[in-house]
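Colleague: A single structure is presented below for examination.
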Amino acid sequence: MQISPFKGQWRMLLILIPIQHHLNTFDKLSCATGLRPTVPISVFVPLGTEVREQMFRKKTRNHDISVGVRNLISHWKEEKSVHSIGKILKLSKFTVFNIIDKFKKTNSVDNNQRSGSPKIFNEREERWIARQRRINTRTSAVKMTLKCKSRFGKYVNPETVKNVLRKHKYRGRVPQRNPYISKANRPARLAFAKMYVSQQTKFGENAILVEESKYKIFGSDGKQNVWRK
Numbered sequence: 001m002q003i004s005p006f007k008g009q010w011r012m013l014l015i016l017i018p019i020q021h022h023l024n025t026f027d028k029l030s031c032a033t034g035l036r037p038t039v040p041i042s043v044f045v046p047l048g049t050e051v052r053e054q055m056f057r058k059k060t061r062n063h064d065i066s067v068g069v070r071n072l073i074s075h076w077k078e079e080k081s082v083h084s085i086g087k088i089l090k091l092s093k094f095t096v097f098n099i100i101d102k103f104k105k106t107n108s109v110d111n112n113q114r115s116g117s118p119k120i121f122n123e124r125e126e127r128w129i130a131r132q133r134r135i136n137t138r139t140s141a142v143k144m145t146l147k148c149k150s151r152f153g154k155y156v157n158p159e160t161v162k163n164v165l166r167k168h169k170y171r172g173r174v175p176q177r178n179p180y181i182s183k184a185n186r187p188a189r190l191a192f193a194k195m196y197v198s199q200q201t202k203f204g205e206n207a208i209l210v211e212e213s214k215y216k217i218f219g220s221d222g223k224q225n226v227w228r229k
């Protein structure tokens, strides 16, 4: 069912009815209109006030009113009306009324605590975790949980530590494997390469070139993850 955007008490309802499944409905409509409809029908139907409000009500998202706006209690204590307070603060009179009603019942205008478990680490502890990651990017999340237990006395899941690092814009990455060549070996390798630069092509057919490689017979080193921004 689709509803037209026309304003007023009358709304046009577009009724799409398959012929093969709703012959009885077509008979009723044909008796009322004197026509045998074969296409989608546009019918004007008067709607009551409650039905209109439910069908055309805008979906609003609940949000917290700031503490500064909640200071409207000072206006209320000056015996200003709800309507005038709403005009001053540009709020709905229902919002003003609810805040005043809450103040009468609880003597406070603070926001209620939200459901869910509270934060385990405070801001200072989160900065310490991010700083440790910056010092050594290869420390695993499991080792970080052990460090947090010894320093703060808090035992947490490794996923909690990962969430803190993601909050500080750290992401897990697999580093690229580069062959390690020590500073002492670099000139020796360069001299060896220059020695055979001027050799002919046939020299390479009779030479066997061997490169250093590492092979593990048992097990695997696995991937080493690092945390980077």
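Take 1 as the starting number for the sequence shown in UniProt numbering and just add one per residue.
Cβ coordinates follow ideal geometry from the N, Cα and C atoms, glycine included.
Roughly how many angstroms lie between the CA atoms of His168 and Phe203, to the nearest whole one?
Modeller: Going by the C-alpha atoms only, they are around 57 Å apart.
Colleague: Residues in its own chain within less than 6 Å of Arg149 by CB, not counting five upstream and five downstream?
Modeller: This sequence places Lys at residue 149; Arg is not what is there. Contacts found: Tyr155.
Colleague: Identify, in the order they occur along the chain, each residue of the same chain with its Cβ nearer than 7 Å to the Cβ of Ser92, setting aside the five sequence neighbours on each side.
Modeller: Contacts found: Gly86.
Colleague: So, under 8 Å CB-CB, Tyr170 and Arg228 are touching, yes? Tell me the CB distance rounded to an integer number of Å.
Modeller: Yes, they are in contact, since the Cβ atoms of Tyr170 and Arg228 sit about 7 Å apart, within 8 Å.
Colleague: Given this structure, state the Cα-to-Cα distance separating Thr137 from Val226, to the nearest angstrom.
Modeller: One C-alpha to the other measures close to 5 Å.
Colleague: Tell me where the beta strand (DSSP E) around Gly172 begins and ends.
Modeller: Here the beta strand (DSSP E) through Gly172 covers 171-173.
Colleague: Considering Cα atoms alone, identify which of Val142, Ile135, Glu79 is closest to Glu159.
Modeller: Ranking Val142, Ile135, Glu79 by Cα distance to Glu159 puts Val142 first.
Colleague: Locate the beta strand (DSSP E) running through Val226, then write down its first and last residues.
Modeller: It spans 226-228 - the beta strand (DSSP E) in which Val226 sits, taken as one unbroken run.
Colleague: Kindly indicate the opening and closing residues of the alpha helix (DSSP H) around Gln132.
Modeller: Start and end: 123-135.
Colleague: Leu89 to Arg166, Cα distance in whole Å?
Modeller: Approximately 39 Å, taken between the alpha carbons.
Colleague: Is the separation between the beta-carbon of Val161 and that of Lys223 shorter than 7 Å?
Modeller: Not a contact, by the Cβ cut-off of 7 Å.
Colleague: May I have the straight-line CA-CA distance separating Arg134 from Thr145, to the nearest angstrom?
Modeller: Using only the alpha carbons, I get a separation of about 16 Å.
Colleague: Have a look at Ala130 and Lys147 and give me their C-alpha separation to the nearest angstrom.
Modeller: Cα-Cα distance, rounded: 13 Å.
Colleague: Report the option in Ala207, Ile120, Asn71 whose CA atom is closest to the CA atom of Gly153.
Modeller: The shortest Cα separation from Gly153 among Ala207, Ile120, Asn71 belongs to Ile120.
Colleague: Tell me where the alpha helix (DSSP H) around Asn98 begins and ends.
Modeller: Taken as a continuous stretch (DSSP letters only), the alpha helix (DSSP H) holding Asn98 covers 93-106.
Colleague: Rounded to the nearest angstrom, what separates Lys77 and Gly116 at their Cα positions?
Modeller: Answer to the nearest angstrom: the Cα atoms are 35 Å apart.
Colleague: Just to confirm my understanding: we take Ala184, look at its own chain, exclude 5 residues before and 5 after, and list those with CB closer than 8 Å. What are they?
Modeller: Closer than 8 Å at Cβ, skipping near neighbours: no residue.
Colleague: For Gln132 and Asn122, I'd like the C-alpha separation in whole angstroms.
Modeller: Distance between the alpha carbons of Gln132 and Asn122 is about 16 Å.
Colleague: Here's a check: name, in chain order, each residue in its chain whose Cβ is nearer than 8 Å to the Cβ of Ile73, leaving out the five neighbours to either side.
Modeller: Hits under 8 Å: Ile99, Ile100, Phe103, Val109.
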